[in-house]
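Chemist: Sending over a structure as structure tokens; questions will come in a sec.
And the structure:
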């Protein structure tokens with residue numbers, strides 16, 4: 009324990025100390041002093057996951073009946089794997105003895121669970137789970153308890169629901185899923201089957217503070233195209249439109265290629281929307297007609313400041329990406345779209361074609377201050393294309409951050425960025441290789457020479473350079489190729505600090 013004088017330190021000091029300690033260690037500091045008790049309790053209960061009906065989940069259910077514990081919960085994740093299947097089979101792996109279960113009150117259920125947990129702590133029971141299983145043997149018992157608890161979390165701000173490949177909400181009691189939809193929510197994340205949208209949209213609780221909404225749709229459970237369109241237009245789009253007065257961040261993705269154009273076309277304009285993420289399946293039909301996304305972008309051209317585009321391959325029929333189809337779709341989805349307020353463009357995916365990245369830059373580079381282009385390997389010529397788009401932009405003087413890769417780091421690449429984007433303050437390079445001279449690809453005679461020789465040659469080349477007109481302050485090399493043994497990271501750090509006078513941070 010700590011000396012008594014340390015127990016009188018201000019609470020803020022203890023909060024600062026705890027930030028530098030492992031979370032698993034902080035959780036066990038309940039008995040040190042009052043400040044660390046509060047910090048440990050917050051660490052234990054700030055974020056909770058309800059997925060499987062195990063002893064840990066049951067203990068949390070009991071403890072959350074205490075308002076002093078419930079008030080600490082800010083983030084909840086739900087994956088209701090504890091519900092029986094559609095045939096009513098309880099969610100336990102082993103055969104259970106028969107228990108005649110009668111209708112019990114809510115209070116009786118909790119007394120039964122609490123007593124069983126005490127028995128487990130003080131006695132060695134031959135079948136310690138049976139009474140807990142009895143307490144929650146019926147599906148409606150679990151739903152009844154969860155609905156009451158989740159609906160009584162006063163400080164809940166983030167709510168994440170994952171519900172697919174499970175019993176549909178329409179065939180399962182859903183109150184415990186919608187009960188956390190409270191006015192205090194600031195972030196809502198739904199990863200669910202399309203058939204479950206109708207039940208979740210039935211909640212009429214006004215989410216008057218919701219600022220961030222993430223949506224991932226699984227549509228394979230609704231094979232009829234007309235029914236999909238009906239759900240998207242009459243259930244999902246109105247839900248999103250309901251948040252239009254407060255929503256600032258929106259992320260939309262589909263697990264498999266699905267026509268979401270009716271959704272994009274039916275969502276009302278969201279005046280405060282400034283951060284948009286769209287994930288595009290690489291297989292045709294991608295997200296349906298590109299006119300849907302195109303119209304949505306144009307509808308929000310006056311507010312969007314950050315656009316994130318990603319190509320995905322989670323599910324589908326053949327896992328056979330059609331890159332030419334994807335390139336054409338992206339071109340049509342962004343055709344004639346002008347985003348005059350856009351400052352951040354993030355293109356992050358190993359499946360996003362380089363040509364498509366350049367096409368997006370042609371559309372949106374005029375106002376950027378931050379660009380991320382990562383995914384497939386980018387040759388020196390590819391980097392030249394990206395830099396040319398930025399250097400020819402009216403916003404060149406405002407360009408502050410560039411993240412690009414994977415690339416082969418060479419003196420010529422550093423020369424290129426330093427000379428064409430002199431106002432850049434932060435550069436992040438995903439480095440696949442380090443070469444003494446630029447090449448057109450990663451597989452060359454030079455890149456097959458020993459790594460240490462290539463790095464030493466690169467450093468030797470950099471010793472003759474000095475970028476006095478470059479305002480770069482932060483340089484990051486993200487790589488795992490440095491040889492073990494000699495401290496090549498320190499060698500590179502010294503070389504860059506020597507040739508870039510303005511540099512303050514190197515990682």
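In my numbering, the protein residues as written are 9 to 515. Built from N, CA and C at the ideal position, the CB exists for glycine as well.
If we ignore side chains and look at the alpha-carbon of each, how far apart do residue 369 and residue 434 end up?
Modeler: Spanning the two alpha carbons is a distance of roughly 19 angstroms.
Chemist: Where does residue 282 land, buried or exposed, given buried means 16+ other C-beta within 10 angstroms?
Modeler: Label assigned to residue 282: buried.
Chemist: Which residues mark the beginning and the end of the beta strand (DSSP E) in which residue 483 is found?
Modeler: Start and end: 482-486.
Chemist: Between residue 385 and residue 426, which are expected to be in contact by the criterion C-beta below 8 angstroms, what is the C-beta distance as a whole number of angstroms?
Modeler: Not confirmed; about 22 angstroms, so no contact.
Chemist: Within this structure, are the beta carbons of residue 241 and residue 274 separated by less than 7 angstroms?
Modeler: Yes.
Chemist: Quick check: what's the CA-CA separation for residue 296 versus residue 206?
Modeler: Their Cα atoms are separated by approximately 21 angstroms.
Chemist: Could you please give the first and the last residue of the uninterrupted alpha helix (DSSP H) stretch that includes residue 167?
Modeler: Counting along the chain, residue 167 falls outside any alpha helix (DSSP H), though it belongs to the beta strand (DSSP E) covering 166-171.
Chemist: Here's a check: name, in chain order, each residue in its chain whose Cβ is nearer than 7 angstroms to the Cβ of residue 407, leaving out the five neighbours to either side.
Modeler: These residues qualify, in order along the chain: 376, 377, 398, 429, 431, 432.
Chemist: Between the C-alpha atoms of residue 410 and residue 347, what's the straight-line distance to the nearest angstrom?
Modeler: Distance between the alpha carbons of residue 410 and residue 347: 19 angstroms.
Chemist: Residue 83 by DSSP, collapsed to three states: which one?
Modeler: In this structure, residue 83 counts as strand in the three-state DSSP scheme.
Chemist: Starting from the C-beta of residue 304, find all residues in its chain whose C-beta is less than 6 angstroms away, skip the five residues before and the five after it, and write them out in chain order.
Modeler: Once the five neighbours on either side are set aside, the close Cβ partners of residue 304 are 272.
Chemist: Using a threshold of 6 angstroms, is the CB atom of residue 335 nearer than that to any non-hydrogen atom of the ligand HEM?
Modeler: What this structure holds is no ligand at all, so the ligand HEM is not there to describe.
Chemist: With burial defined as no fewer than 16 other Cβ atoms inside 10 Å of the residue's Cβ, what is the status of residue 204: buried or exposed?
Modeler: Its Cβ being crowded by 16 or more others within 10 Å, residue 204 is buried.
Chemist: Just to confirm, is the Cβ distance from residue 387 to residue 436 under 7 angstroms?
Modeler: Cβ distance not < 7 angstroms, so residue 387 and residue 436 don't count as in contact.
Chemist: Give the list of continuous alpha helix (DSSP H) stretches no shorter than 4 residues that lie fully inside the segment 50-83.
Modeler: Counting only runs of 4 or more, we get 63-71, 75-78.
Chemist: Locate the beta strand (DSSP E) running through residue 222, then write down its first and last residues.
Modeler: 220-226 is the span of the beta strand (DSSP E), which, as asked, contains residue 222.
Chemist: According to the Cβ coordinates, are residue 213 and residue 87 closer than 7 angstroms?
Modeler: The answer is no: Cβ separation not under 7 angstroms.
Chemist: Kindly indicate the opening and closing residues of the beta strand (DSSP E) around residue 283.
Modeler: Note, residue 283: beta strand (DSSP E), 283-289.
Chemist: Output yes or no for whether 7 angstroms exceeds the beta carbon distance between residue 81 and residue 154.
Modeler: Contact: no.
Chemist: Any idea what DSSP makes of residue 264, helix, strand or coil?
Modeler: Coil, per DSSP.
Chemist: Just mark residue 497 as buried or exposed, buried being the case when its beta carbon has 16 or more other beta carbons within 10 Å.
Modeler: Exposed, since its Cβ has fewer than 16 Cβ neighbours within 10 Å.
Chemist: With a 10 Å radius around its C-beta and 16 neighbouring C-beta atoms as the bar for buried, classify residue 278 as buried or exposed.
Modeler: Burial call: buried.
Chemist: Candidates 261, 159, 252, 253: which alpha carbon is nearest residue 211's?
Modeler: Nearest of 261, 159, 252, 253 to residue 211, Cα basis: 159.
Chemist: Cutting at 6 angstroms between CB atoms, please list the residues of its own chain near residue 195, excluding the five before and the five after it.
Modeler: Excluding residues within five positions, the ones whose Cβ falls inside 6 angstroms are 166, 220.
Chemist: For residue 22 and residue 77, what's the separation of their Cα atoms in angstroms?
Modeler: Each residue's Cα considered, the two are about 20 angstroms apart.
Chemist: Could you tell me which of 251, 403, 367 sits nearest to residue 217, measuring between CA atoms?
Modeler: Among 251, 403, 367, the Cα nearest to that of residue 217 belongs to 251.
Chemist: Which whole runs of the beta strand (DSSP E) in the segment 321-383 are 3 residues long or more, in chain order?
Modeler: Counting whole runs of 3 or more residues, the segment 321-383 contains the beta strand (DSSP E) stretches 352-356, 378-382.
Chemist: Counting along the chain, where does the beta strand (DSSP E) carrying residue 413 start and finish?
Modeler: Per DSSP, residue 413 belongs to the beta strand (DSSP E) from 409-417.
Chemist: For residue 44 and residue 19, I'd like the C-alpha separation in whole angstroms.
Modeler: When rounded, the distance between both Cα atoms is 8 angstroms.
Chemist: Apart from the five residues just before and just after residue 405, which ones in its own chain have a Cβ nearer than 8 angstroms to its Cβ?
Modeler: Cβ within range, chain order: 431.
Chemist: Compute the distance between the beta-carbons of residue 469 and residue 419, then report whether it is under 7 angstroms.
Modeler: Cβ atoms of residue 469 and residue 419: closer than 7 angstroms.
Chemist: For residue 257, which residues in the same chain have their Cβ closer than 6 angstroms to its Cβ, ignoring the five residues on either side in sequence?
Modeler: Result list for residue 257: 220, 283, in chain order.
Chemist: Check whether the segment 182-193 touches the segment 225-233, counting contact only when three or more Cβ pairs, one atom from each stretch, lie closer than 8 angstroms.
Modeler: Contact fails: fewer than three Cβ-Cβ distances are below 8 angstroms.
Chemist: Based on the DSSP secondary-structure assignment, which residues constitute the bridge partners of residue 199?
Modeler: In the DSSP output, where bridge partners are listed per residue, residue 199 has 170, 224.
Chemist: Evaluate residue 33 with the Cβ neighbour count: other Cβ atoms within 10 Å of its Cβ, from every protein chain shown; 16 or more gives buried, anything less gives exposed.
Modeler: Its Cβ having fewer than 16 others within 10 Å, residue 33 is exposed.
Chemist: What did DSSP end up calling residue 98 once you bin it into helix, strand or coil?
Modeler: Any answer about residue 98 is weak, because its pLDDT of 47 lies below 50 and its placement is not dependable; what the coordinates show is given next. Of the three classes helix, strand and coil, the one that applies to residue 98 here is coil, per DSSP.
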